[in-house]
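Novice: Residue numbers (the working numbering): 40 to 482. What follows is a structure written as C-alpha cells; I'll ask about it next.
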Amino acid sequence: SKLLARSLFACGISTVLQTTLGSRLPLVQIPSFEYLVPAMVLSSHLTLLTPECTCNVSGTAMASTCLVPHCRDTGSWADSLQEVSGAVLVSGLIQLVLGASGMCGWAARHCGPMVLAPSLSIIGLSAYKEAAFFCSTNWGVALLLMLLAVTFSQHLRSCRLPFCAWPHAWEGSTESSVPTLRMFSVLLPFAGVCIVCAVLSYFHIPWESLDPAMAQLSWANSTFNAPWICIPYAGEWRWPLLTPRALAVGIAMAIGCSMNSVGCYVLCGRLLRVPRLPRHACNRGLCMEGLGSFLAGLLGTPGGTASSIANTCATGLTQAGSRLSVQVSALACMVLGMSPRLAGLLTHIPLAVHGGVLCVTYAMAVGTGISYFQYTDIDSGRNIFIVGFAMFMALLVPRWFGTALTPLATGWVPLDLLFLSLLMMPVFLTGFLSFFLENTVSG
C-alpha cells in the first residue's frame, strides 16, 4: 500500500506539471508498460543473483511474500527496489535532456503517417497479453463491462438526457441537454460492474478464479496494517542506487517512454480533433515527464511517470477532454498518495474490471493507428513492406526473448540489460524500424 501510495503521489504531481507547464493536453501520467518492462528485466536479473531466492517447480525465480505485519525477510526485495528506483531516476534525467535539447520535437516533426500508423497500432496491440490475463479471472465480468462501454459510447452516443444541463462559460448560455451516456461511457460501466462484483463477494458467491500465487499476494497486500496518513518524502526507503545496470536500464526506460509519449501526444490530438502539437509543446511535455520520473525515482517507486494511453483513449470514447477534470484527478491521486490505507483500497478492484477497461481503451489506439493509413499510399509495395515488417517484428521479437532459454550474452551485463530491455518493448521496435526504413528506403 505504501508503494502504491508513493506512485500515486508522484503521478499526481507529474499530471499537474504536464497540464500546466508541459504539453497542456488533458493527459494523465501513470507508470506505463515501457517503464514496467525494463524494471522487470532488471529485477529478474537481480533475483537470479540472489542466492536465497526461491524457485517454483519450473525453475522460475519467485519473490518471497511476507504474510505477517512486520516481516523482516525483505532485504533482497528492498535492494532490488533501490536499484530499479535508480534506473527510474536516470530515465527522468535523460528525458529532461531530450526535451530541453529539442530532440523530442525534432523527432516528432519527422514522424510521418508511415511511422505513426504502425506505431500507434502496436501501442494498442502490445497490451493484449495483459488484457487477456486480467480478463481470464472472469470473462463474464470483463465482457459485461465491455458490452456496457460499447453500448454507451457507440449505440447511445447521441442519447441526451433532458435533466442534465451544461453551462457554456464562453457563451454565457446553458445547453438544455448533453450526451451524458457517452460522457460517462467508461465511468458508469466501471462503477456498475464493481458494484456487481462487490455484491457477489458479499454473498460469498465464487466468481473470480485466481491462482494460488495471486490469492496469496492479495492477502499479503492487506490494507489493515497501512497507516492512514503518511507524507511521502525522498530517502525514506533509502536513496536510489546508481549502478551500471541501473544506468543501462534507465536509458532503455527513457527511450521507450519518450517514444510512447510522442505517440500519446499525437493520439490525444487525433482523438480530440485538435491540430498537431508544435515542437516546443512536445519538448515541454517531455521535460515535465522527465521531472515527474525524477521525482518518482527519489520517492523510491519502481516506475516513473508517462502519458497514459488508456486514459487518452478513454477521452476519445467520452469526447470529454478537459484539463480541469484531469487536474482534479491529479489532486485525487495526491490525496490518495498521502494515505496508504485509502490507496490500498484500489487493490480490491477486480482484475477482470481492469481487463475490460484495457480491452475497450486500447482498441481505440489500434483504430487510430489504422486511420493514419489514409494519408499514405498503401498500394505502394514499399509502404506495404515497411508497415508489415515493422509490426510483425515488434510482436515477434519480444515473444522470442520472453521464451528464450538463453538470454543475450555480450560479455557485459549492463549492455545485455540495455539491449534486452529495448528489444522487449514493441513500441521501440515499431518506431525504430518504421522510422529507419521510411527514411532509408527510396520510393
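By construction, the Cβ of each residue, glycine as well, lies at the ideal position given by its N, Cα and C atoms. Since this is a predicted model, take the numbers as computed values, not measurements.
Within its chain, find whatever has a CB closer than 6 Å to the CB of E91; leave out the 5 residues flanking it on each side and keep chain order.
Specialist: Counting from one through the sequence shown, the residue named residue 91 turns up at place 52. Residue confidence is low: E91 scores 48 on pLDDT, short of 50, so the model does not pin down where it sits. Its coordinate-derived value is still stated next. If we look at E91 and ignore the five residues flanking it on each side, it has no Cβ neighbours.
Novice: Out of M222, A320, V374 and T354, which has the shortest C-alpha to C-alpha gap to I270?
Specialist: Taking the sequence shown and counting its residues from 1, one reaches residue 270 at position 231. Minimum Cα distance to I270 is reached at V374.
Novice: In whole angstroms, what separates the C-alpha of G51 from that of G482?
Specialist: By one-based count along the sequence shown, residue 51 stands at place 12. By one-based count along the sequence shown, residue 482 stands at place 443. Using only the alpha carbons, I get a separation of about 46 Å.
Novice: Which partner residues of I69 appear in the DSSP bridge assignment?
Specialist: The residue given as residue 69 occupies position 30 in the sequence shown. Bridge partners of I69: A345.
Novice: Under 8 Å, with one C-beta from each stretch per pair, do the region 321-339 and the region 41-57 reach the 3-pair mark?
Specialist: yes
Novice: What are the start and end residues of each continuous beta strand (DSSP E) run of 3 or more residues lying completely inside the region 301-386, in chain order?
Specialist: none
Novice: Tell me the DSSP secondary structure of V238 in three-state form.
Specialist: As a first step, residue 238 is located in the sequence shown; it is residue number 199 there, counting from the start. V238 falls in the helix class under three-state DSSP.
Novice: With distances taken between CB atoms, is the gap from M432 to P77 smaller than 9 Å?
Specialist: Sequence index remark: in the sequence shown, residue 432 carries index 393 (1-based). Sequence index remark: in the sequence shown, residue 77 carries index 38 (1-based). It is not a contact, given that the beta carbons lie outside the stated cut-off.
Novice: Taking C-alpha atoms, which residue in G336, G131 and S140 lies nearest to S46?
Specialist: Taking the first residue of the sequence shown as position 1, residue 46 is located at position 7. Cα-wise, what sits closest to S46 is G336.
Novice: With A463 as the anchor, note down where its alpha helix (DSSP H) starts and where it stops.
Specialist: Residue 463 sits at position 424 when you count from the first residue of the sequence shown. Note that residue 463 is Met in the sequence shown, not Ala. Premise fails: M463 is in no alpha helix (DSSP H) and is neither H nor E.
Novice: What number of angstroms, rounded off, separates the C-alpha of D118 from the C-alpha of D455?
Specialist: Reading the sequence shown from its first residue, position 79 is the one you call residue 118. Reading the sequence shown from its first residue, position 416 is the one you call residue 455. Using only the alpha carbons, I get a separation of about 20 Å.
Novice: I'd like the ranges of any alpha helix (DSSP H) spanning at least 4 consecutive residues and lying wholly in the region 137-163.
Specialist: 142-148
Novice: So for L227, helix, strand or coil by DSSP?
Specialist: Your numbering for residue 227 matches position 188 in the sequence shown. Residue state for L227 is assigned as helix, using DSSP reduced to three classes.
Novice: Could you give the first and the last residue of the continuous alpha helix (DSSP H) run that contains R221?
Specialist: Along the sequence shown, one-based indexing puts residue 221 at 182. Here the alpha helix (DSSP H) through R221 covers T219 to M222.
Novice: Roughly how many angstroms lie between the CA atoms of A448 and N177, to the nearest whole one?
Specialist: Position 409 of the sequence shown holds residue 448. Position 138 of the sequence shown holds residue 177. Going by the C-alpha atoms only, they are around 40 Å apart.
Novice: Helix, strand or coil for L472? Go by DSSP, reduced to three states.
Specialist: Position 433 of the sequence shown, counting from 1, holds the residue named residue 472. Here L472 sits in helix by DSSP.
Novice: Am I right that T351 and G125 are in contact with their C-beta atoms under 8 Å? What's the rounded C-beta distance?
Specialist: The residue you call residue 351 lines up with position 312 of the sequence shown. The residue you call residue 125 lines up with position 86 of the sequence shown. With 8 Å as the limit, T351 and G125 do not qualify as a contact, their Cβ atoms being about 29 Å apart.
Novice: May I have the straight-line CA-CA distance separating P465 from F412, to the nearest angstrom?
Specialist: As a position in the sequence shown, residue 465 is number 426, starting the count at 1. As a position in the sequence shown, residue 412 is number 373, starting the count at 1. Rounded to the nearest angstrom, the two C-alpha atoms are 19 Å apart.
Novice: How close, in whole Å, do the beta carbons of G355 and L310 come, if the pair is a contact with beta carbons under 8 Å?
Specialist: Counted from its first residue, the sequence shown places residue 355 at position 316. Counted from its first residue, the sequence shown places residue 310 at position 271. Yes, G355 and L310 are in contact; Cβ-Cβ is about 3 Å, under 8 Å.
Novice: What residues are listed by DSSP as bridge partners for L200?
Specialist: Position 161 of the sequence shown, counted from the first residue, corresponds to residue 200. Looking at the DSSP assignment, L200 forms a beta bridge with V217.
Novice: For A156 versus I348, is the C-beta distance shorter than 9 Å?
Specialist: Residue 156 sits at position 117 when you count from the first residue of the sequence shown. Residue 348 sits at position 309 when you count from the first residue of the sequence shown. No, they are not a contact pair.
Novice: Can you list, in chain order, the residues of its chain whose CB lies under 6 Å from that of V399, leaving out five sequence neighbours each side?
Specialist: As a working mapping, residue 399 is identified with position 360 in the sequence shown. Hits under 6 Å: M185 and A188.
Novice: Under 6 Å Cβ to Cβ from F172, same chain only, skipping five residues before and after it: list those, please.
Specialist: Numbered from its first residue, the sequence shown carries residue 172 at position 133. None.
Novice: Going by other Cβ atoms of all chains shown within 10 Å of its Cβ, with 16 needed for buried, is C321 buried or exposed?
Specialist: Position 282 of the sequence shown, counted from the start, is the residue given in the question as residue 321. With 16 or more other Cβ atoms within 10 Å, it is buried.
Novice: Comparing alpha-carbon positions, which option in M79, C143 and L159 lies nearest L405?
Specialist: As a working mapping, residue 405 is identified with position 366 in the sequence shown. According to the sequence shown, residue 405 is Val rather than Leu. Ranking M79, C143 and L159 by Cα distance to V405 puts L159 first.
Novice: Out of E477, H149, G394 and C307, which has the shortest C-alpha to C-alpha gap to A353?
Specialist: For the purposes of this step, residue 353 is taken as residue 314 along the sequence shown, with counting starting at 1. Among E477, H149, G394 and C307, the Cα nearest to that of A353 belongs to C307.
Novice: Quick one: give me the first and last residue of the alpha helix (DSSP H) that I423 is part of.
Specialist: As a first step, residue 423 must be located in the sequence shown, where it is residue number 384. Start and end: G420 to T442.
Novice: Which value, in whole angstroms, describes the spacing of the CA atoms of L81 and E73?
Specialist: In the sequence shown, counting from the first residue as 1, residue 81 sits at position 42. In the sequence shown, counting from the first residue as 1, residue 73 sits at position 34. Taking the straight line from one Cα to the other gives about 13 Å.
Novice: To the nearest angstrom, report how far apart S175 and S248 are at their CA atoms.
Specialist: Indexing the sequence shown from 1 puts residue 175 at position 136. Indexing the sequence shown from 1 puts residue 248 at position 209. Between S175 and S248, the C-alpha separation is close to 8 Å.
Novice: Ignore the nearest five residues each way along the sequence and tell me which others in C143's own chain have a CB closer than 7 Å to its CB.
Specialist: Mapped onto the sequence shown, residue 143 falls at position 104. Result list for C143: L137, S297, V301, C321, N322 and L325, in chain order.
Novice: So the alpha helix (DSSP H) R277 belongs to, where does it begin and stop?
Specialist: In the sequence shown, the residue the question calls residue 277 occupies position 238. Run containing R277: none; DSSP gives neither H nor E here.
Novice: Grab me the residues of Q358's own chain with a C-beta within less than 7 Å of its C-beta, minus the 5 sequence neighbours each way, in chain order.
Specialist: Here residue 358 refers to the residue found at position 319 of the sequence shown. Cβ within range, chain order: R221.
Novice: Under 9 Å between the Cβ atoms of A273 and S40?
Specialist: Residue numbering aside, residue 273 sits at position 234 when the sequence shown is read from its first letter. Residue numbering aside, residue 40 sits at position 1 when the sequence shown is read from its first letter. No, Cβ-Cβ distance for A273 and S40 is not below 9 Å.
Novice: Determine the closest residue to A44 out of A146, F474, V436 and G342, with distance taken between C-alpha atoms.
Specialist: Within the sequence shown, residue 44 is the residue found at index 5, counting from 1. Taking only the C-alpha atoms, the option nearest A44 is G342.
Novice: Within its chain, find whatever has a CB closer than 7 Å to the CB of V67; leave out the 5 residues flanking it on each side and keep chain order.
Specialist: Within the sequence shown, residue 67 is the residue found at index 28, counting from 1. Closer than 7 Å at Cβ, skipping near neighbours: T54, S347, N350, V365 and S368.
Novice: Assign P271 to one of three DSSP states: helix, strand, or coil.
Specialist: In the sequence shown, residue 271 corresponds to position 232, counting from 1. Looking at P271 - three-state DSSP - the assignment turns out to be coil, as it is neither helix nor strand.
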